[in-house]
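Reading the sequence shown from the start, the letters are residues 1 to 130 in the working numbering.
For each residue, glycine too, the CB sits at the ideal point set by N, CA and C.
In this text the structure is predicted, and so the values were computed from the model without any measurement.
What follows is a short report on a single structure.
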Amino acid sequence: MAIEYSEGLHGRDSASVRISLNYTRVRSGKTTRCKRCKGVARITARPDGIDELTRILLRLVEETRKEKECLSYQLYQNLDEPNDFTVVEGWASDAAIDSHMVTEHVQDAFAKAGPLLAAAPEIKRYRAIG
1 MAIEYSEGLH GRDSASVRIS LNYTRVRSGK TTRCKRCKGV ARITARPDGI
51 DELTRILLRL VEETRKEKEC LSYQLYQNLD EPNDFTVVEG WASDAAIDSH
101 MVTEHVQDAF AKAGPLLAAA PEIKRYRAIG
């Protein structure tokens, strides 16, 4: 996932993050394609953005669960660090994740979340190997 920062990231008022579509793929064996895939996203909010980011992420969860090939989509918030969120996603295929990433609700969430982030999101794909 490519992330571009404006001058204001890391606590400055003008913080914004532009998120483009490109996952880091976790490879095992010769292929990065899978029939049943998991995505894991780690998202860190700025302290003053926790509540708004929570609302954005909950809306994203609601819309994503309506997608045909979404098998599961869970949002977790760290009990000790409430600005730390993790999303664990289950998809029918690698192509389903690609399709998800270009939906209107994902693009809208990315656009709204950028100024609320303390760091670039870490998003990875996994496939079951055992």
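Environment of residue i [buried if 16+ CB atoms lie within 10 Å]
i: E135; result: Lying outside 1 to 130, the shown extent of the chain, residue 135 is not represented and no answer is given.
i: G130; result: exposed
i: R125; result: buried
i: A96; result: buried
i: A113; result: buried
i: R65; result: exposed
i: N22; result: Unreliable positioning characterises N22 in this predicted model, as indicated by a pLDDT of 41, which lies under 50. The coordinate reading is nonetheless provided below. With fewer than 16 other Cβ atoms within 10 Å, it is exposed.
i: A128; result: exposed
i: E58; result: Checking the sequence shown, residue 58 turns out to be Leu, not Glu. By the 10 Å Cβ count, L58 comes out exposed.
i: I123; result: buried
i: Y73; result: buried
Nearest neighbour of residue i, chosen from the options [CA to CA]
i: C37; options: L117, A92 and A111; result: A92
i: T44; options: Q74, H100, N78 and R127; result: N78
i: G49; options: L60, E122 and A118; result: A118
i: M101; options: E69, R46 and P47; result: E69
i: L60; options: L116, Q107 and A120; result: Q107
i: T103; options: P121, V87, E67 and D94; result: E67
i: V87; options: E62, S99 and A111; result: E62
Margin query: Does the stretch 77–90 come into contact with the stretch 50–65, if we say contact requires no fewer than three beta-carbon pairs (one atom in each stretch) closer than 8 Å?
Written below: yes
Checklist line | Contained alpha helix (DSSP H) runs [length at least 4] in the stretch 49–125, N- to C-terminal order | finding: 50–64, 94–101 and 104–113
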